[in-house]
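Worksheet: the structure to be examined is printed underneath.
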Amino acid sequence: MRTLALYTGLLLAGSAWLFAPGKHEKAVMGGPVPASPAADSTRWQLAGNGGILWRVAQDERLPHRDHLEMSGRKVSIIVQYGADANRNLTLRREVYWPTLRTAPQPGEPDWHKYRAYLKRQYGGEVKPAVRINGKPMPNGPVRQVTLNGVLTILQAAGRGLTLERTLFPSVAQGAVLERWELTNTGKTAIKVAVAALNTSEKAAGIYGTYVLKTYAKAVPETALPPGKKMVFGLVFTARKESEPAPDLDLEAELRGREQFVQRVTGSLVLTTPDSVLNRAFRMAKIRAGESIFDTKVGPVHSPGGGRYYAGVWANDQVEYAGPFFPFLGYDLANQASLNAYRIFARDMKPDYRRIWSSHEMEADLPCCSKDRGDAAMYAYGASRFALAAGSPEIGKELWPAVAWSLEYCRRRINADGVVESESDEMEGRLPTGKANLSTSALAYGGLRSGADLARAVGRPDSAAAYDKRAAQLEEAIERHFGATVEGFRTYQYFEGHDTLRHWICLPLVMGITGRKEGTVRALFTRLWTANGLDVQPGANSFWDRGTLYALRGAYTAGETALATEHLMHYTHQRLLGSHVPYPVEAYPEGGQAHLSAESALYGRVVTEGLFGITPTGFRSFRCTPRLPAAWPGMELSNVKALGGALDLVIHREGPAIRLQVRRQGQTLFNQSLPDGSTFEVNLEQ
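Going left to right, the sequence shown walks through residues -20 to -1, 1 to 665 as mature numbering (1 follows the signal peptide of the UniProt record, and there is no 0) numbers them.
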């Protein structure tokens, strides 16, 4: 057990699972974000390369700054970028090396060991010294910025010269690179020279001495003819002193990053009549899939955000992201998810003591001291992952851990029949009572998917028992939590609580619809703001995970028009507004960090909400399409779950909906049912 001092220190630290924001968060989150992030008008537009574009030269709403995160397997970078009132570039890079762990320092709070990653900040002044016709190259105004898995900034660099800077992390090395491309747009040759830049330092860490280097190779003075380009680079690296310096080729590293983007965006392709939704889904796959780090315990998917690296969390990895990755089919993400489920499974003991909420710092440091309903998170997430992965071997491997988690939940059932826990996913930021709605709803979802997994692995008796317990828990949720709150026939979050809470959406997500009308109205009127759901009325605090669950729940409940209206509002805000291009963690806490699992949750709004896909076996699923009335059809192609390479094509046929499931041109399923119906698809028949 952690000491009270450690527990309190982590409270002050702030975290994806910790309990309150602290000064540390704002220091690492790329500087200020808009003071009021609500209802910003569109600043970005869709770009032809599959990303988004900010035309700075035409934007009169300056200054403006934003930040985004990009990650590779050994490094993550949070880039703060923007333009001042004169369109001059503002730039700061915060670079994190997650597995280059630093040593504790005398006098540091104990919680620092949970955030002991090597990190450095590099301001805009860190750049190659470029001379044009013998004079320093001017810092000309920014013309445009594009985002598409890399950050590309186009700016003037003097008369007849443009500079394109492309920032990105190495896929496999502990390096962040900037590709500089000068183009002579004039009519006469220009002399260009680049001075060498080479700085280094050493830092002590638990793995010995680390070497950090920043360098740019010299380019002797060269005549650049009209219409020609010159390319050179700037590199930030760190490594163990005992390891050789990486041999980095700028163009090869950029190709590697582009290939990663192509790989994750080429699977699970969404096609709808709404191009903004299609693009946001495409972008979310990048952030969801990139935050995977090589650690001594194997590949680990982590939230990021300047705070959470090289570890796994029961909510972020087990509950949120894991069930999405089989649909995406990115092998490394599936490996990382399976690794996370294995790490937590090792924590499950015969005495049924609670499991840890997280395993951090390469799984060396478990944390923390309260049961947040983590076993319910595991049962729900692991069973969904195992089924979607389409692998009987994975299903049989994870089955004991799912069964353990559901037995743990059974042992926590109180006299009213609901599951008790000490906290919830919000970790004490708001009161939760002795039994909260979130834990019981997740346990219910775990029982339903656990029953499907039991059938898939040949455990019919367990499946029947779980189905029975799920029905009993559904009744208990209604009996214990069902209430009129603030005038809405919905749920009290815990006994006696008289304020709405964003997690009242969870019963809808799990298919419990007895209080659908009041719950939907409460979510999308009283709790809804320009930035999605408030955690509770008047809190002035939003967490995207709640909004994304609510949108999925609204689709699951059949509120297609309302869900689509609010999904489009949210999507435009996150993709084309003032803080782009991904879903965020929260505001004001964490400064709207681009945590990776929130992008996976966005993906699940589409796969499980809009398309209504629920795996029921290794080769079977239920599909309840929620095709908006104005759309003739929609499609998910190259779906890698449930055996892979599936295309789901949905068309409207008058009052009916037709679902076709294809694989490599062969039709595996073709059926038409009344709109709102559920298709039962078995790919083994």
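Using N, Cα and C, we set each Cβ at its ideal position, and we do this for glycine too.
Tell me which residue opens and which closes the beta strand (DSSP E) that residue i is part of.
| i | result |
| --- | --- |
| A183 | L177 to G185 |
| E144 | L141 to P149 |
| F468 | F468 to Y471 |
| A203 | V199 to L204 |
| N295 | Note, N295: premise wrong, no beta strand (DSSP E); not H, not E. |
| L575 | No beta strand (DSSP E) contains L575, which DSSP labels as neither H nor E. |
| V211 | K209 to K220 |
| Y97 | Y97 to G103 |
Within the continuous alpha helix (DSSP H) that includes residue i, where are the two ends?
| i | result |
| --- | --- |
| K266 | Contrary to the premise, residue 266 reads as Ile rather than Lys in this sequence. Run containing I266: S255 to E270, per the alpha helix (DSSP H) assignment. |
| K376 | P372 to R391 |
| K448 | P440 to F461 |
| residue 711 | Here the chain comprises residues numbered -20 to 665, so residue 711 is not present and cannot be evaluated. |
| D354 | D354 to A369 |
| H119 | With the sequence shown as reference, residue 119 is identified as Asn, and His is not the correct amino acid for it. Neither: N119 is in no alpha helix (DSSP H) and is coded neither H nor E. |
In angstroms, rounded to a whole number, what distance separates the CA positions of residue i and residue j?
| i | j | result |
| --- | --- | --- |
| T544 | P608 | 7 Å |
| G104 | L417 | 47 Å |
| V13 | L639 | Below a pLDDT of 50, predicted positions are generally treated as unreliable, and V13, at 34, falls in that range; the measurement from the model is reported next regardless. Those two C-alpha atoms are separated by around 43 Å. |
| E5 | A421 | Reliability fails at E5, whose pLDDT of 28 lies under 50, so the model's placement of it is uncertain and no value is given. |
| V36 | Q572 | 22 Å |
| T142 | R267 | 29 Å |
| M490 | G425 | 5 Å |
| K208 | G138 | 16 Å |
| Q651 | E660 | 10 Å |
| C485 | L547 | 15 Å |
| A169 | I112 | 11 Å |
| P346 | Y94 | 9 Å |
| S247 | F522 | 31 Å |
| M117 | P108 | 10 Å |
| A320 | H281 | 8 Å |
| L318 | A136 | 47 Å |
| E458 | V298 | 27 Å |
| R643 | G309 | 15 Å |
| S150 | G269 | 14 Å |
| A225 | H482 | 49 Å |
| L507 | L480 | 8 Å |
| A(-16) | L528 | Below a pLDDT of 50, predicted positions are generally treated as unreliable, and A(-16), at 33, falls in that range; the measurement from the model is reported next regardless. Whole-angstrom Cα-Cα distance: 34 Å. |
| F212 | W293 | 40 Å |
| A415 | G476 | 11 Å |
| D344 | Y187 | 14 Å |
If distances are taken between C-alpha atoms only, which option among the options comes closest to residue i?
| i | options | result |
| --- | --- | --- |
| S349 | H559, S338 and M50 | S338 |
| E74 | V156, S180, N650 and A136 | V156 |
| P380 | V437, M357 and R392 | V437 |
| P330 | Y388, G583 and P306 | Y388 |
| M210 | M341, V298 and E144 | E144 |
| T499 | G188, L542 and L131 | L542 |
| L555 | S282, N128 and R643 | N128 |
| K54 | G284, N178 and R352 | G284 |
| H631 | L648, A625 and D655 | D655 |
| W611 | A225, K99 and D254 | D254 |
| I492 | F461, T509 and R481 | F461 |
| V110 | S579, E161 and P205 | E161 |
| V465 | A96, A184, T251 and D478 | D478 |
| Y567 | A510, T252, K220 and T163 | A510 |
| P563 | H552, S579 and W336 | S579 |
Please tell me whether residue i and residue j are closer than 7 Å, where the distance is taken between their beta carbons.
| i | j | result |
| --- | --- | --- |
| P84 | A65 | no |
| F304 | A621 | no |
| A301 | A577 | yes |
| L177 | Y190 | no |
| R159 | L69 | no |
| T419 | A356 | yes |
| R599 | E664 | yes |
| R449 | L427 | yes |
| V342 | T275 | Residue identity check: residue 342 is Glu in the sequence provided, not Val. For E342 and T275, yes; Cβs fall inside 7 Å. |
| A218 | L192 | yes |
| L131 | V59 | yes |
Contact defined as beta carbons within less than 8 Å: I believe residue i pairs with residue j. What is the distance between those atoms, to the nearest angstrom?
| i | j | result |
| --- | --- | --- |
| I374 | A366 | 5 Å |
| K265 | G62 | With a Cβ gap of about 26 Å, K265 and G62 do not count as contacting. |
| L513 | Y446 | Not quite, the Cβ-Cβ distance comes to about 30 Å (not below 8 Å), so this is no contact. |
| V398 | A456 | 5 Å |
| R352 | E405 | 6 Å |
| V641 | L626 | 6 Å |
| E340 | G413 | Between G413 and E340 the Cβ distance is about 28 Å, and since that is not below 8 Å, they are no contact. |
| H574 | E49 | 4 Å |
Are any of the Cβ atoms in chain D nearer than 7 Å to that of residue i?
| i | result |
| --- | --- |
| N662 | The displayed structure is made up of one protein chain only, and chain D is not part of it. |
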